[in-house]
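Undergrad: One structure is given below, represented as structure tokens, and several questions about it will come after.
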Amino acid sequence: MSMQEQLLGNPIFAPRNERFVIVPLHSTLTNEEQALVFKKMPKGVRKVVLSTNIAETSITIDDCVFVVDCGKMKEKGFDTNKNMESLECVWESRANAMQRKGRAGRVMPGVCFHLFSKQRYEFVLNAQPIPEICRIPLEQLILRIKMLPALSNKDLLHVIKGLIEPPADDNMTSAIERLRNVGALDDYSNLTPLGKHLASLPVDVRVGKLILFGAMFSALDSALTIAACLSFKSPFNAPLNRREEAARKKYQFVTGCSDHLTTLKAYKSWQNAFNKYGNRGAQNFANENFLSNKTLLTLADIKTQFLELLMDIGFVPGNLRVSRRKFTQDRILEITGKELNAHGDNQKLLSAILCAALYPNIVKVFTPDKQYSASISGAIPTPTKAEDLVFRTKMDGPVLLHPSSVNHEVSYYPSPYLVFQEKVKTSRVFIRDCTWFLFSLSSSFRRDLSKSSFIAGNS
Numbered sequence: 000m001s002m003q004e005q006l007l008g009n010p011i012f013a014p015r016n017e018r019f020v021i022v023p024l025h026s027t028l029t030n031e032e033q034a035l036v037f038k039k040m041p042k043g044v045r046k047v048v049l050s051t052n053i054a055e056t057s058i059t060i061d062d063c064v065f066v067v068d069c070g071k072m073k074e075k076g077f078d079t080n081k082n083m084e085s086l087e088c089v090w091e092s093r094a095n096a097m098q099r100k101g102r103a104g105r106v107m108p109g110v111c112f113h114l115f116s117k118q119r120y121e122f123v124l125n126a127q128p129i130p131e132i133c134r135i136p137l138e139q140l141i142l143r144i145k146m147l148p149a150l151s152n153k154d155l156l157h158v159i160k161g162l163i164e165p166p167a168d169d170n171m172t173s174a175i176e177r178l179r180n181v182g183a184l185d186d187y188s189n190l191t192p193l194g195k196h197l198a199s200l201p202v203d204v205r206v207g208k209l210i211l212f213g214a215m216f217s218a219l220d221s222a223l224t225i226a227a228c229l230s231f232k233s234p235f236n237a238p239l240n241r242r243e244e245a246a247r248k249k250y251q252f253v254t255g256c257s258d259h260l261t262t263l264k265a266y267k268s269w270q271n272a273f274n275k276y277g278n279r280g281a282q283n284f285a286n287e288n289f290l291s292n293k294t295l296l297t298l299a300d301i302k303t304q305f306l307e308l309l310m311d312i313g314f315v316p317g318n319l320r321v322s323r324r325k326f327t328q329d330r331i332l333e334i335t336g337k338e339l340n341a342h343g344d345n346q347k348l349l350s351a352i353l354c355a356a357l358y359p360n361i362v363k364v365f366t367p368d369k370q371y372s373a374s375i376s377g378a379i380p381t382p383t384k385a386e387d388l389v390f391r392t393k394m395d396g397p398v399l400l401h402p403s404s405v406n407h408e409v410s411y412y413p414s415p416y417l418v419f420q421e422k423v424k425t426s427r428v429f430i431r432d433c434t435w436f437l438f439s440l441s442s443s444f445r446r447d448l449s450k451s452s453f454i455a456g457n458s
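Under numbering that gives the first Met the number 0, the first residue of the sequence shown is numbered 0, with each subsequent residue one higher.
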């Protein structure tokens, strides 16, 4: 149970008690929800902001008088052995503690309470947080190095070790291996033709491969939409007190056992509302369907940026006229024409392109043996339930689908393979944003994709 849920369940802080207003603050909130943090409260009402470390440096809350620092923070890391991002709860650094202390009394006197001992502060906490380069995947850095004439022929490990605070050797070798899996580097760590194109795109290599394949297979607009979501965030909202209603609205967009195609359908539906009824109609559509209009507009802007990148490297004709104004109507489908979008509605092709882009992030679905129950007419098979399925990746034991996935309650897949965007370790290892795909079609995108090479535990 989250801190917000615990507080709201307490009679002192419950909504019916008008003395307190509980306001969450984290990166996945919409702009409208984040605006509540800065709203002035009437006299006699105390605002309680429950924030992640986004509040350390990004914002200033003028009426903040007290800060309660728990001493912990969630920090994104990367497990090179499992090729998995993790969101671990760790002790903050002394620099973090000073930043949190500074949130109180910015414009008036304030007090900060640190919920840890002076001894821990002085002798246990690190002076500074671990540099991000030591905690994140290194694919883009490696591609940039290989593109520099002065460094392209030098040993990658030697070059990266020359940084002021170099990452661990395991991080570097793991990143090189992932680039080989993607097809960006050959066995000798030289850039492949695909790698040269990916190095020219200032985006995550998986996003870059997705938009390149979208252009190559005439599914450009759809691929750009999915890529924008991968690089930014989902437009779906799920307010704490309306989660069931939000889930029902999301269900109407569910497509092809796929989080990615579900988001694509929601975006296209919002786009149709924009085309028919203008900005106000799009806003109303978003509100009615628990979508963030601001996020959708940002996705439209990101799509335009991706299209311009493809034009710059010659994958899309450079004479197309693209609007550079932010937060305007998405006209990419109209601008790029039928030839570049002939297969944009082909769900199987889009799933295969996703598989090619996100490989080796593959999950195999194991269905239990059929169970039978007795009846008057004889034994009848018992339907398989979603919780009976077992999901495995090559590097992990059983993993779970995240509750936010549209596949969380799915009990049958036409093919026992899912491709996923990321896996995150919290209390368990969860798969986020996954899509079912046809193995036979996707294997044509990767010559080394074989049933025996990437799935562990075939029984």
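Beta carbons: idealized from backbone N, C-alpha and C, even for Gly.
Give me the Cβ distance between arginine 93 and cysteine 111, rounded to the nearest whole Å; I'm assuming they're in contact under 8 Å.
TA: With a Cβ gap of about 14 Å, arginine 93 and cysteine 111 do not count as contacting.
Undergrad: Among the candidates Leu357, Tyr412, Asp395 and Leu239, whose CA atom is the shortest distance from the CA of arginine 177?
TA: Leu357
Undergrad: Contact criterion: CB-CB distance below 8 Å. Does lysine 267 meet it with respect to chain D?
TA: Absent from the structure is chain D; it holds one protein chain and no more.
Undergrad: Spatial neighbours of threonine 191 within its chain, please: C-beta separation below 8 Å, excluding the five flanking residues on both sides.
TA: Excluding its 5 nearest sequence neighbours in each direction, threonine 191 has C-beta neighbours in its own chain below 8 Å: Gly182, Ala183, Leu184 and Asp185, listed in chain order.
Undergrad: What does the alpha-carbon distance come out to for the pair isoleucine 331 and glycine 313?
TA: 17 Å
Undergrad: Suppose the cutoff is 6 Å on Cβ atoms and the five residues either side in sequence are ignored; what does the same chain contact list for threonine 254 look like?
TA: Once the five neighbours on either side are set aside, the close Cβ partners of threonine 254 are Leu260, Thr261 and Lys264.
Undergrad: Ignore the nearest five residues each way along the sequence and tell me which others in phenylalanine 216's own chain have a CB closer than 7 Å to its CB.
TA: His342, Leu348 and Ile352
Undergrad: Go through its chain and collect everything with a Cβ distance to arginine 143's Cβ below 7 Å, but skip five positions before and after it.
TA: Ala198
Undergrad: Closer than 7 Å by C-beta to phenylalanine 438: which residues in its own chain qualify, once you throw out the five before and the five after it? Chain order, please.
TA: These residues qualify, in order along the chain: Ser414 and Tyr416.
Undergrad: Any idea what DSSP makes of isoleucine 141, helix, strand or coil?
TA: helix
Undergrad: Would you check if the distance between the CB atom of phenylalanine 235 and the CB atom of alanine 222 is smaller than 8 Å?
TA: no
Undergrad: Over the uninterrupted beta strand (DSSP E) stretch that includes cysteine 433, give me the two end residues.
TA: 428-435
Undergrad: Between glutamine 420 and aspartate 329, is the Cβ-Cβ spacing less than 8 Å?
TA: no
Undergrad: Going by DSSP in three states, leucine 399 sits in which element: helix, strand or coil?
TA: Leucine 399: strand per DSSP, three-state reduction.
Undergrad: Using a threshold of 8 Å, state whether the C-beta atoms of glutamate 138 and alanine 174 are closer than that.
TA: yes
Undergrad: Out of curiosity, what's the CA-to-CA distance linking lysine 302 and alanine 227?
TA: 6 Å
Undergrad: When the Cα of serine 151 is compared with those of Ile132, Glu131 and Asn189, which residue comes out closest?
TA: Asn189
Undergrad: Tell me the DSSP bridge mates of leucine 528?
TA: With the chain covering only 0 through 458, there is no way to say anything about residue 528.
Undergrad: Just to confirm the assignment, what range does the alpha helix (DSSP H) spanning aspartate 300 have?
TA: 292-311
Undergrad: Rounded to a whole number of angstroms, what is the C-alpha to C-alpha distance between phenylalanine 326 and glycine 396?
TA: With a pLDDT of 49 at phenylalanine 326, under the threshold of 50, the modelled position of this residue cannot be trusted; read the value that follows with caution. Their Cα atoms are separated by approximately 43 Å.
Undergrad: Might you give, ordered along the chain, the residues of its own chain that have their beta carbon closer than 6 Å to the beta carbon of glutamate 338, omitting 5 neighbours on each side?
TA: none
Undergrad: DSSP state of aspartate 387, grouped into three classes?
TA: Helix at aspartate 387.
Undergrad: In angstroms with no decimal places, state the Cα-to-Cα distance between arginine 15 and cysteine 69.
TA: 27 Å
Undergrad: By the DSSP assignment, the alpha helix (DSSP H) with histidine 113 in it spans what residues?
TA: It is not in any alpha helix (DSSP H) - histidine 113 instead sits in the beta strand (DSSP E) that spans 110-113.
Undergrad: In angstroms, rounded to a whole number, what distance separates the CA positions of aspartate 169 and glutamate 131?
TA: 15 Å
Undergrad: Compare the beta carbon distance of valine 362 and threonine 383 with 8 Å and say whether it is the shorter of the two.
TA: no
Undergrad: What do you get for isoleucine 210, buried or exposed, if any count of 16 or more other CB atoms within 10 angstroms of its CB means buried?
TA: buried
Undergrad: Are the Cβ atoms of lysine 369 and proline 359 separated by less than 8 Å?
TA: no
Undergrad: Taking only three categories from DSSP, how would you classify glutamine 420?
TA: strand
Undergrad: Might you give, ordered along the chain, the residues of its own chain that have their beta carbon closer than 7 Å to the beta carbon of tyrosine 412, omitting 5 neighbours on each side?
TA: Cys256, Val364 and Trp435
Undergrad: Please classify tyrosine 276 as buried or exposed, where buried requires at least 16 other C-beta atoms within 10 Å of its C-beta.
TA: exposed
Undergrad: For glutamine 127, name the three-state secondary structure that DSSP assigns.
TA: Looking at glutamine 127 - three-state DSSP - the assignment turns out to be coil, as it is neither helix nor strand.
Undergrad: What does the Cβ neighbour count give for isoleucine 60, buried or exposed, with the cut at 16 atoms within 10 Å?
TA: buried
Undergrad: Rank Leu309, Lys160 and Ser291 by C-alpha distance to the C-alpha of glutamine 33 and give the top, closest one.
TA: Closest option to glutamine 33, Cα to Cα, is Ser291.
Undergrad: Look at the Cβ atom of valine 44, then the Cβ atom of alanine 103, and state whether they are nearer than 8 Å.
TA: no
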